[in-house]
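In this note's numbering, the protein residues as written are 1 to 340.
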């Protein structure tokens with residue numbers, strides 16, 4: 001796959017080395033002007049945005065951004081790729097098969113430290129372009145399965161998300177915080193949100209985890225299925241132990257009752273931020289121009305998906321779990337919203 005208008009290449013050793021050198025307890029920062037060395041192409045450029053599966057929020061959101069950027073960036077074609085989500089996107093950025101990606105905050109935090117599912121790649125030199133919105137950690141249980149809280153999942157048939165996904169990572173952490181062995185304590189399936197929805201319709205699973213924006217199309221479809229009744233379980237009590245163990249990437253976030261038709265009240269739960277990110281090597285000029293195209297056309301961006309309506313320059317410039325790219329910092333400073 002061609003990225004940034006040139007032949008795909010492996011990220012340079014300087015970017016990797018800078019991250020690896022500091023990938024200990026502190027948050028590494030490869031997002032420096034010295035690492036933003038990739039020249040912007042002088043001819044027609046092609047940018048690839050790594051998104052997610054078709055039943056989630058990343059794909060329509062990323063697809064909408066690709067359409068707008070293609071129309072507004074001179075001599076630039078931007079395409080959105082269906083992927084497995086955050087982890088896939090980080091790894092695609094790492095091998096230069098995508099230029100921009102979408103990720104949850106916890107997965108991004110693990111990526112730049114070379115932790116959890118990123119131990120095989122080592123630290124990834126990723127930088128924030130913008131903070132987008134908060135995802136909700138869905139824990140959906142089939143009514144009548146005897147599941148009223150997280151500890152009731154013991155011995156049940158549970159999908160914890162696609163193997164290697166950010167959903168799987170969060171699900172494992174919640175289960176462990178609840179005292180459940182994620183391997184031996186449940187009958188475990190690794191299904192995407194679309195597969196989880198279909199499995200629950202067929203009553204092949206009792207519950208599933210899903211980290212996604214609101215509303216998630218697959219969950220909306222499940223609730224509308226005749227003969228299927230579900231409940232949403234709270235994970236709020238496990239936020240603090242997870243923050244203590246894994247860093248400040250989880251926060252209290254209530255699922256509003258208006259999100260899904262079956263809800264009678266808000267569901268207290270876990271929020272996980274979502275970011276737009278890139279490789280540290282991308283030029284400052286290109287990152288600046290990407291952000292300018294987004295925020296000069298913000299009304300159009302907000303029509304992409306309900307989650308896009310939360311986007312503003314102020315919110316985009318704060319709250320990420322990983323450092324911002326220098327081109328992004330320059331853009332937000334010029335807009336008067338940078339507080340870093």
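Glycine included, each C-beta is placed from N, C-alpha and C at the ideal position.
Are residue i and residue j touching if we call contact CB-CB under 8 Å?
i	j	result
residue 174	residue 104	no
residue 322	residue 170	no
residue 287	residue 314	no
residue 277	residue 129	yes
residue 210	residue 167	yes
residue 87	residue 117	yes
residue 91	residue 121	yes
residue 132	residue 275	yes
residue 141	residue 204	no
residue 389	residue 139	This structure cannot settle anything about residue 389, because the visible part of the chain is limited to 1 through 340.
Among the options, which one has its Cα closest to the Cα of residue i?
i	options	result
residue 285	130, 137, 309 and 326	326
residue 94	318, 281, 206 and 237	281
residue 328	289, 297, 146 and 302	289
residue 300	66, 29 and 32	66
residue 97	180, 197, 202 and 51	51
residue 31	331, 298, 279 and 332	279
residue 241	231, 216 and 179	179
residue 181	152, 237, 206 and 111	152
residue 239	102, 111, 36 and 106	106
residue 200	110, 265 and 228	228
residue 99	246, 237 and 36	36
residue 368	196, 243, 27 and 29	A query on residue 368 cannot be resolved here, the shown segment of the chain reaching from 1 to 340 and no further.
residue 347	57, 143 and 29	Since the first residue shown for the chain is 1 and the last is 340, residue 347 is missing from the structure and cannot be characterised.
residue 298	68, 34, 33 and 55	68
residue 177	226, 134, 244 and 216	244
Terminal residues of the continuous beta strand (DSSP E) containing residue i?
i	result
residue 268	267 to 279
residue 133	126 to 142
residue 81	76 to 81
My assumption, with CB atoms under 8 Å, is that residue i sits in contact with residue j. Please give the rounded CB distance.
i	j	result
residue 305	residue 53	Not really, about 14 Å apart at Cβ, beyond 8 Å.
residue 283	residue 39	6 Å
residue 318	residue 339	7 Å
residue 165	residue 273	That pair is no contact at about 16 Å.
residue 61	residue 308	6 Å
residue 224	residue 145	Contact doesn't hold; Cβ gap of about 20 Å is too wide.
residue 28	residue 113	6 Å
Counting along the chain, where does the alpha helix (DSSP H) carrying residue i start and finish?
i	result
residue 327	326 to 334
residue 167	166 to 177
residue 100	Here residue 100 belongs to no alpha helix (DSSP H); instead the beta strand (DSSP E) covers 100 to 104.
Is residue i near the ligand MN, with its Cβ less than 7 Å from a heavy atom?
i	result
residue 94	The ligand MN is not part of this structure, which contains no ligands at all.
Q.
Does the stretch 185 to 196 come into contact with the stretch 142 to 158, if we say contact requires no fewer than three beta-carbon pairs (one atom in each stretch) closer than 8 Å?
A. yes
Q) Would you call the stretch 216 to 233 and the stretch 258 to 272 touching, i.e. three or more CB-CB distances under 8 Å? A) yes
Q. Below 8 Å, can you find three or more Cβ-Cβ pairs linking the stretch 41 to 51 to the stretch 73 to 86?
A. yes
(Q) If contact is defined by three or more beta carbon pairs under 8 Å, each pair taking one atom from either stretch, is the stretch 117 to 132 in contact with the stretch 189 to 203? (A) no
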